[in-house]
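Written below as structure tokens is the structure these notes are about.
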Amino acid sequence: MNSQIFHPFVLPFVLGMAFVLTYCFVGLFKVILQLPKDDRRQFLRSLVTPKTAWANIRDLFGDCLFHVKIWKRNPLLGYMHSAIAFGWFMIIVIGHVMLFTLKPLEGVEVEGFARTFTNFYYPIFFKYFAEETPVFAFLMDFFLLMIISGILIAVAKKIHSKIVGVKRVTKFGFADNMIRFALWTIFPFRLIAEKTNIMAFWWLYSFDLLIFMFMLPFTRYMHIPTEALFILMRHAGLNAREPRKGYALAQLYSCPSCGLCIDACPMSVNDKMSGNTSAYFMKKLRNKDSEEAKRIAETCLMCGKCVMICPVSIESCDIKFSQRAAVPYEIHSDHSYLDVISTEAERSGEISSTKPKTLYFAGCMTQLTPKIMRAMQQIMESAGEEYDFLDKDGGICCGRPMLLSGKVAEAQAMIAKNTELIKKSGATKLVLSCPICYKVFKDEYHLEGVEIQHHTQYINELVKNGKLKVKKADVNYVYHDPCELGRAYGVYDEPREAIENVGNLLKAKSEKELSICCGGSLGSFNLTQKERDEITSNSVADLMFNNPDEIVTACPLCLKTFARKSPVPVKDIAELFVVHQA
Numbered sequence: 100m101n102s103q104i105f106h107p108f109v110l111p112f113v114l115g116m117a118f119v120l121t122y123c124f125v126g127l128f129k130v131i132l133q134l135p136k137d138d139r140r141q142f143l144r145s146l147v148t149p150k151t152a153w154a155n156i157r158d159l160f161g162d163c164l165f166h167v168k169i170w171k172r173n174p175l176l177g178y179m180h181s182a183i184a185f186g187w188f189m190i191i192v193i194g195h196v197m198l199f200t201l202k203p204l205e206g207v208e209v210e211g212f213a214r215t216f217t218n219f220y221y222p223i224f225f226k227y228f229a230e231e232t233p234v235f236a237f238l239m240d241f242f243l244l245m246i247i248s249g250i251l252i253a254v255a256k257k258i259h260s261k262i263v264g265v266k267r268v269t270k271f272g273f274a275d276n277m278i279r280f281a282l283w284t285i286f287p288f289r290l291i292a293e294k295t296n297i298m299a300f301w302w303l304y305s306f307d308l309l310i311f312m313f314m315l316p317f318t319r320y321m322h323i324p325t326e327a328l329f330i331l332m333r334h335a336g337l338n339a340r341e342p343r344k345g346y347a348l349a350q351l352y353s354c355p356s357c358g359l360c361i362d363a364c365p366m367s368v369n370d371k372m373s374g375n376t377s378a379y380f381m382k383k384l385r386n387k388d389s390e391e392a393k394r395i396a397e398t399c400l401m402c403g404k405c406v407m408i409c410p411v412s413i414e415s416c417d418i419k420f421s422q423r424a425a426v427p428y429e430i431h432s433d434h435s436y437l438d439v440i441s442t443e444a445e446r447s448g449e450i451s452s453t454k455p456k457t458l459y460f461a462g463c464m465t466q467l468t469p470k471i472m473r474a475m476q477q478i479m480e481s482a483g484e485e486y487d488f489l490d491k492d493g494g495i496c497c498g499r500p501m502l503l504s505g506k507v508a509e510a511q512a513m514i515a516k517n518t519e520l521i522k523k524s525g526a527t528k529l530v531l532s533c534p535i536c537y538k539v540f541k542d543e544y545h546l547e548g549v550e551i552q553h554h555t556q557y558i559n560e561l562v563k564n565g566k567l568k569v570k571k572a573d574v575n576y577v578y579h580d581p582c583e584l585g586r587a588y589g590v591y592d593e594p595r596e597a598i599e600n601v602g603n604l605l606k607a608k609s610e611k612e613l614s615i616c617c618g619g620s621l622g623s624f625n626l627t628q629k630e631r632d633e634i635t636s637n638s639v640a641d642l643m644f645n646n647p648d649e650i651v652t653a654c655p656l657c658l659k660t661f662a663r664k665s666p667v668p669v670k671d672i673a674e675l676f677v678v679h680q681a
């Protein structure tokens with residue numbers, strides 16, 4: 100080859116790039132082939148759907164290059180990630196633009212494979228082989244310095260994470276630390292090579308790229324190419340069916356182990372429990388440490404805060420559900436009582452022959468907190484509602500505990516029987532006072548023609564429509580957003596609107612999507628009571644930030660959990676509207 104277009108120092112980069120491209124293409128076909136046939140068709144069809152295509156383009160830039168979600172949470176971290184990702188993307192783009200606009204190979208006799216081979220590395224080492232125009236030179240230096248500024252913040256984060264507003268960071272092994280060092284030195288080596296043209300630095304730059312690309316598939320940095328595939332699959336509406344196959348596998352390798360979920364997780368109230376967070380679950384599962392992944396999946400509270408905070412929207416709770424479903428727990432269920440319940444319900448008059456418009460389902464946890472049930476009955480009677488109780492004297496569980504343990508078939512038996520009872524009632528509205536039940540009824544039940552409402556929404560609607568008359572008192576309340584109601588379904592405004600009709604609403608330190616789990620969640624199989632108490636105390640302290648007179652929640656489990664640790668009274672929202680009736 101002509102000395103103007105080739106030098107041996109480019110070979111390490113070429114070898115590294117050939118390896119990583121081969122690995123990625125093989126991995127791509129592996130993931131797609133692991134998808135069930137219906138999911139595969141759904142995925143391929145989504146690629147040519149205009150609406151989905153636009154969402155893909157938006158998130159490919161927003162999540163992969165600009166890291167918009169991190170910017171919203173922590174601008175300094177957002178700049179760090181976007182400076183490196185977008186800066187690197189731009190110097191590659193500018194290198195290719197220079198190749199095709201400045202045409203440095205014009206007049207050079209190079210054809211066929213040699214031309215393709217040259218085009219492969221030329222944009223990466225352009226300044227060694229050709230001259231840049233002043234405009235391109237400025238752009239290259241600008242984005243190169245942008246990358247280096249991001250790397251300096253990353254180094255500061257490694258030395259002392261609190262500098263960038265992060266309490267805890269993910270702990271990495273040798274391979275991750277080595278590739279991180281390679282990433283941090285790639286661009287300083289390039290800058291020195293371009294400014295001095297010292298041959299040793301061109302070799303160091305090329306070898307650094309080789310190390311980075313050879314180690315990429317075996318470290319957390321595999322998220323760089325995999326995240327694009329995950330975004331396409333996410334917008335196709337796929338679900339994780341097995342913990343290490345298909346869509347779930349794409350998510351595992353898309354996790355950057357950034358550690359944002361560690362600080363967000365309620366279990367990070369101490370260093371010991373922070374090892375149970377989603378960052379470590381994804382890492383263990385990716386590294387095929389099935390026992391440790393199983394342990395973390397069973398410890399998780401399933402509050403969903405990690406999913407809400409994740410900068411790439413990884414659905415870690417769904418993967419944990421699939422991990423639980425893969426475990427043969429010794430749970431033996433007998434559902435022969437379901438037919439009996441149906442008969443008893445009809446005999447006892449639980450299902451009214453008058454076809455009530457509203458049907459109230461208390462659920463297991465509300466049954467264990469009867470004051471909520473009594474408050475709801477009083478509210479509906481005061482509002483003159485035509486209503487009936489589906490489970491006044493006890494009934495069938497909504498199915499959530501079985502779903503949490505991965506026992507879908509057992510849960511479906513309960514869901515089918517409840518569905519039958521609800522349809523028999525003729526009700527057009529189903530009201531639930533338990534967020535756990537609310538999520539299951541919204542997600543798993545098929546109740547066409549029946550409006551499903553949480554009791555916060557229902558009470559707010561009654562007040563707005565003038566059916567429930569209340570009076571406002573000079574009492575300071577703080578509202579806790581239950582995980583399954585807030586993060587799962589975005590019910591944030593209705594409870595607050597309702598409370599403002601009867602008192603003064605103060606802010607918690609962390610609220611809405613950042614609300615802290617109460618610690619009593621049924622999601623965890625093996626947290627000790629001491630560990631749960633630590634989480635509860637932390638959540639109560641967060642709620643007491645503005646010194647409220649009372650804590651208000653909208654979940655029977657949260658109510659019972661907070662009551663044990665709170666220095667002030669804890670009430671369900673329904674109780675307020677009994678106390679403050681006009």
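Quick note: the sequence shown, position 443, residue 542 per the working numbering, numbers continuous.
Glycine is no exception: its CB is placed at the ideal position from the N, C-alpha and C atoms.
Cut-off 8 angstroms between Cβ atoms - residues of its own chain near Ile310, not counting five sequence neighbours on either side: Taken in chain order, the residues that qualify are Gly115, Met277, Ile278, Ala281.
For Ala607, the nearest candidate out of Glu326, Asn517, Val639 (CA to CA): Val639
Three-state secondary structure (DSSP) of Phe460: strand
Among Phe676, Gln141, Asn646, nearest to Ala653 - alpha-carbon criterion: Phe676
Nonlocal neighbours in the same chain, by C-beta distance under 6 angstroms from Arg586, ignoring five residues either side: Gly403, Met407, Glu612
Local conformation of Tyr122 per DSSP, three classes: helix
Nearest candidate by alpha-carbon position, reference Ala515, set Glu543, Tyr320, Phe160, Ser421: If we check each option's Cα against that of Ala515, Glu543 comes out closest.
Euclidean distance between Cα positions of Ile361 and Ser620: Near 18 angstroms, if we compare the C-alpha coordinates of Ser620 and Ile361.
Phe165 in three-state terms, based on DSSP: coil
Distance, Gly498 Cα to Gln511 Cα: 7 angstroms
Where Met332 falls, given that 16 or more other Cβ within 10 Å makes a residue buried: buried
Identity of the residue in Val167, Phe199, Phe216 nearest Val113 by Cα: Phe216
Inter-residue spacing [alpha-carbon to alpha-carbon] between Ser447 and Val574: Confidence in Ser447 is poor, its pLDDT being 49 and thus under 50, which makes the residue's placement unreliable; the coordinate value appears in the next sentence. Taking the straight line joining both Cα atoms gives about 41 angstroms.
Integer-rounded CB distance, given that Thr457 should sit under 8 angstroms from Arg486: The amino acid occupying residue 486 in the given sequence is Tyr; Arg does not appear at that position. 4 angstroms between Cβ atoms; contact.
Nearest-angstrom Cα separation, counted from Leu337 out to Leu134: 9 angstroms
Tyr486 - DSSP class collapsed to helix/strand/coil: strand
Under the three-state DSSP convention, the category Val669 falls into: Note: Val669 maps to strand in three-state DSSP.
Endpoints, beta strand (DSSP E) assigned at Leu626: Unbroken run through Leu626: none, as it is neither H nor E.
Tyr265 versus Pro342: straight-line alpha-carbon distance, rounded: Note on residue identity: the sequence assigns Val, not Tyr, to residue 265. Their Cα atoms are separated by approximately 29 angstroms.
Coarse secondary structure for Tyr591, derived from DSSP in three states: coil
Integer Cβ distance of Phe225 from Glu231, believed to fall under 8 angstroms: Contact between Phe225 and Glu231 holds: their C-beta atoms lie close to 7 angstroms from each other, under 8 angstroms.
Selection from Asn369, Met197, Ile521 that minimises the alpha carbon distance to Gly548: When only C-alpha atoms are compared, the closest one is Ile521.
DSSP state of Asn603 mapped onto helix, strand, coil: strand
Same chain, Cβ closer than 7 angstroms to Met245, five either side skipped, listed in chain order: Ala182, Gly186.
Continuous alpha helix (DSSP H) stretch holding Thr284: start and end: 273–295
Rounded Cβ spacing between Met314 and Ala274 (contact assumed at less than 8 angstroms): 6 angstroms
Stretch-stretch touch, CB-based, cutoff 8 angstroms, three pairs: the segment 318–326 with the segment 361–374: no
Classification of Glu293 by the beta-carbon crowding that lies within 10 angstroms, buried from 16 upward: buried
Asn173 - containing alpha helix (DSSP H), residue span: Taken as a continuous stretch (DSSP letters only), Asn173 belongs to no alpha helix (DSSP H), as it is neither H nor E.
Exposed unless 16 or more other CB atoms sit within 10 angstroms - verdict on Pro111: Under the 10 Å beta carbon count, Pro111 is surrounded by 16 or more other beta carbons and is classified as buried.
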